[in-house]
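Since the structure comes first, as structure tokens, the remarks are kept for the end.
There are 2 protein chains.
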Amino acid sequence: MKPVVRRTTLAVDVVVLSPRSDALAVLLVRSPAGARERWSLPWDAPAIGEALEDAAARIAGAVLGSVPAFFEQVGTLSDGRRHPGDAEVSVGIAALSPAGSGAPSEEAEWFPLASLPTLAPRHRTIVDRAAAVVRQRVDQSPLAFRLLPPTFTLSDLQSVYELLLSRRLHKASFRRALQASYLVEPTDEWRSEGRGRPAQLFRYAPKKRRGARRGVRFDLFTE
Amino acid sequence: MKPVVRRTTLAVDVVVLSPRSDALAVLLVRSPAGARERWSLPWDAPAIGEALEDAAARIAGAVLGSVPAFFEQVGTLSDGRRHPGDAEVSVGIAALSPAGSGAPSEEAEWFPLASLPTLAPRHRTIVDRAAAVVRQRVDQSPLAFRLLPPTFTLSDLQSVYELLLSRRLHKASFRRALQASYLVEPTDEWRSEGRGRPAQLFRYAPKKRRGARRGVRFDLFTE
DNA sequence: GACATTGGTGCCGAATTGTTACTAATTCGC
DNA sequence: GCGAATTAGTAACAATTCGGCACCAATGTC
Chain A
70 MKPVVRRTTL AVDVVVLSPR SDALAVLLVR SPAGARERWS LPWDAPAIGE
120 ALEDAAARIA GAVLGSVPAF FEQVGTLSDG RRHPGDAEVS VGIAALSPAG
170 SGAPSEEAEW FPLASLPTLA PRHRTIVDRA AAVVRQRVDQ SPLAFRLLPP
220 TFTLSDLQSV YELLLSRRLH KASFRRALQA SYLVEPTDEW RSEGRGRPAQ
270 LFRYAPKKRR GARRGVRFDL FTE
Chain B
70 MKPVVRRTTL AVDVVVLSPR SDALAVLLVR SPAGARERWS LPWDAPAIGE
120 ALEDAAARIA GAVLGSVPAF FEQVGTLSDG RRHPGDAEVS VGIAALSPAG
170 SGAPSEEAEW FPLASLPTLA PRHRTIVDRA AAVVRQRVDQ SPLAFRLLPP
220 TFTLSDLQSV YELLLSRRLH KASFRRALQA SYLVEPTDEW RSEGRGRPAQ
270 LFRYAPKKRR GARRGVRFDL FTE
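Protein chains in written order, with the numbering used here: chain A, 70 to 292; chain B, 70 to 292.
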């Protein structure tokens with residue numbers, strides 16, 4: 070039994086996420102004249118032999134002007150939902166870009182996740198999956214640090230977590246957990262942001278941590 | 070800008086996982102004569118318009134004789150690693166099948182994850198990713214219940230968790246956490262397994278749980 | 001200099017967790 | 001029959017963690 074392979078059309082669709090004005094935002098590009106929707110995700114076909122994450126980096130970089138810090142596949146779709154380029158199969162990839170980075174081209178714009186324009190059905194699905202994956206992974210992977218510049222204040226970091234989790238966190242508990250994890254180290258710089266006491270800047274510098282063998286957490290199920 | 074879509078060859082490669090004789094095992098099929106490796110993952114091209122998970126169910130069902138209880142994509146590969154059917158792009162899908170279910174065809178056999186035969190490089194990568202994804206998700210999703218028959222003892226359940234996590238768990242803590250989660254309910258059946266006290270059988274019956282708002286867990290990072 | 005604002009820490013009671021030890025019900029060996 | 005071995009299930013305790021509150025620190029504004 071040697072199955073026969075059929076040829077199909079393939080697209081890589083990229084969801085670039087970044088915190089913009091206190092909301093998680095997606096980078097969209099203006100559609101060419103005649104398209105059914107005015108906006109779409111940046112997308113392209115991968116080159117021959119090009120890894121999918123490399124294709125995503127190329128696609129996002131062209132639109133954003135800088136290459137996002139992190140990529141993760143959020144699922145491949147082959148169902149009937151319409152794609153702007155009529156690709157039969159789409160690989161959805163989430164990309165995280167630090168706050169303030171990049172200079173979108175004329176044809177691109179940031180939209181808060183909560184108020185997106187109409188997208189082709191497949192792009193809409195991919196955006197929803199990207200948001201779900203990022204929100205789900207934030208506890209297992211240092212995703213939040215990819216949404217911040219190399220140095221940041223602990224309040225910045227907490228704000229990103231609050232954005233991703235859509236709920237307020239307790240300052241003291243947040244800092245205690247962070248301290249115990251050896252994920253950040255202080256720099257000797259401080260940032261003064263107008264009002265209030267200046268905040269110390271930290272950088273992401275994970276130390277090797279001893280195996281934190283915890284019990285099974287049945288209360289984290291999401292489905 | 071309307072990118073041009075190129076046609077490519079696409080395969081769905083399925084990693085069927087099931088607990089067999091106290092180890093997590095993968096279902097492999099014998100390769101046709103002349104292939105470079107003697108064994109490979111079950112795979113095929115998706116039919117036109119067929120969703121990828123449906124294709125995986127079809128492929129696994131044909132080899133296993135029953136359809137696995139759960140499917141999840143573990144990543145799509147387009148790099149240079151060799152695929153047995155020379156597909157340019159592969160979608161890897163993990164499938165979970167309950168212990169004892171299915172009757173593999175003549176051409177198929179279970180292999181413990183720890184002692185696999187040589188596979189085509191792309192299949193090897195997909196198996197590794199499937200194992201990693203399953204192990205990583207076991208805390209957030211009721212995966213373990215998909216590896217058990219509809220009714221099971223709490224010791225069975227704990228054994229599956231120990232298989233997936235590769236470490237021993239404490240009985241009392243395990244049961245307390247399970248109790249608090251309202252995920253299982255007792256049946257009025259008991260199973261006597263030779264030696265020892267008979268165990269009560271439970272079934273998976275998740276109750277709506279109150280929002281368990283916990284703090285951020287920096288200690289769960291896997292990278 | 002009082003006050004508003006933001007950053008950062010100490011502490012305590014409550015909840016959670018890991019562990020030990022115990023009880024319960026069955027089979028096996030003699 | 002009866003004790004040892006084996007597996008299931010629970011009680012209770014000590015240590016740790018967590019959420020919340022209060023407080024102190026450093027800056028800009030008036």
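C-beta: ideal position from N, C-alpha, C; glycine also.
As the structure is a computational prediction, the values presented were derived from the model and not from experiment.
query	result
Between ASP208(A) and chain B, is any beta-carbon pair separated by less than 7 Å?	yes
Helix or strand or just coil, what does DSSP make of VAL207(B)?	coil
Please report the distance separating the alpha-carbon of ARG266(A) from that of ARG151(B).	58 Å
Within the same chain, show all residues whose beta-carbon is closer than 8 Å to that of ASP113(A), passing over the 5 residues directly before and after it, in chain order.	ALA80, VAL81, ALA124, ARG127 and ILE128
Measure the C-alpha to C-alpha separation of ALA163(A) and GLY130(B) and round it to an integer number of angstroms.	32 Å
What's the call for HIS16(A), buried or exposed, on a 16-neighbour Cβ count within 10 Å?	Look at the range of chain A in this structure, 70 to 292, and you will see that residue 16(A) is not part of it.
Taking 7 Å as the CB-CB cut-off, is ARG151(B) touching chain A?	no
Apart from the five residues on each side of it in sequence, which residues of its chain come closer than 7 Å, Cβ to Cβ, to ALA213(B)?	VAL207, LEU226, VAL229, TYR230 and LEU233
Excluding the 5 residues flanking ALA199(B) on each side, which residues of the same chain have their C-beta closer than 6 Å to its C-beta?	VAL84, VAL143 and ALA163
Using a beta-carbon distance below 7 Å, is SER224(A) in contact with chain B?	no
Can you tell me whether DSSP reads GLU293(B) as helix, strand or coil?	Examination of residue 293(B) is not possible in this model, given that chain B is present from 70 through 292 alone.
Could you tell me whether the region 174-184 of chain A touches the region 181-188 of chain B, where touching means 3 or more Cβ pairs closer than 8 Å?	no
Compute the Euclidean distance between the alpha carbons of ASP155(B) and LEU217(B), then round it to the nearest angstrom.	35 Å
Is DSSP giving MET70(B) helix, strand or coil here?	Any answer about MET70(B) is weak, because its pLDDT of 45 lies below 50 and its placement is not dependable; what the coordinates show is given next. In this structure, MET70(B) counts as coil in the three-state DSSP scheme.
Tell me whether GLY171(B) is buried or exposed, calling it buried when 16 or more other Cβ atoms sit within 10 Å of its Cβ.	buried
Closer than 7 Å, CB to CB, is ALA246(B) near chain A or not?	yes
List the endpoints of the continuous beta strand (DSSP E) containing PHE271(A).	268-273
Please report how far the alpha carbon of SER224(B) lies from the alpha carbon of ALA94(B), in whole angstroms.	20 Å
Using a threshold of 7 Å, state whether the C-beta atoms of ALA92(A) and ARG215(A) are closer than that.	no
Go through its chain and collect everything with a Cβ distance to GLU254(B)'s Cβ below 7 Å, but skip five positions before and after it.	PHE271, ARG272 and ALA274
Around the C-beta of PRO88(B), are 16 or more other C-beta atoms found within 10 angstroms, so that it is buried, or is it exposed?	buried
Within 7 Å (strictly less), CB to CB, does PHE271(B) reach chain A?	no
Go ahead and label ARG76(B) buried or exposed: buried means 16 or more other beta carbons lie within 10 angstroms of its beta carbon, across all protein chains shown.	exposed
When Cβ atoms are compared, which residues of the region 188-208 of chain B fall closer than 9 Å to chain A?	GLN205, VAL207 and ASP208
Could you spell out the range, first to last residue, of the alpha helix (DSSP H) harbouring ILE128(B)?	121-133
Find the nearest neighbour of THR284(B) within the set SER235(A), ASP257(A), ARG264(A) and GLN269(A), judged by alpha-carbon distance.	It should be noted that the sequence gives Gly, not Thr, for residue 284(B). Cα-wise, what sits closest to GLY284(B) is SER235(A).
Which same chain residues end up closer than 7 Å to MET70(A) when comparing Cβ atoms and leaving out the 5 residues on each side of it in sequence?	At MET70(A), the pLDDT of 46 sits below 50, so the modelled position is not reliable; the number obtained from the coordinates is stated separately. Closer than 7 Å at Cβ, skipping near neighbours: no residue.
So, PRO115(A) versus SER159(B), is the Cβ gap smaller than 7 Å?	no
Using three-state DSSP, classify ASP225(B) as helix, strand or coil.	helix
Consult DSSP for SER90(B) and reduce its assignment to one of helix, strand or coil.	coil
Using 10 angstroms around the beta-carbon of PRO153(A), count the other beta-carbons present and answer buried if the total reaches 16, otherwise exposed.	buried
Taking 7 Å as the threshold (beta carbon to beta carbon), is GLU292(B) in contact with chain A?	yes
Under 7 Å between the Cβ atoms of PHE287(A) and LEU247(B)?	yes
Kindly identify the DSSP beta-bridge partner or partners of THR78(A).	ARG76(B)
7 Å is my cut-off, CB to CB: does ARG76(B) come that close to chain A?	yes
So what does GLY162(B) bridge to, in DSSP terms?	With the sequence shown as reference, residue 162(B) is identified as Ile, and Gly is not the correct amino acid for it. For ILE162(B), which the question treats as bridged, DSSP gives the partners VAL83(B) and GLN142(B).
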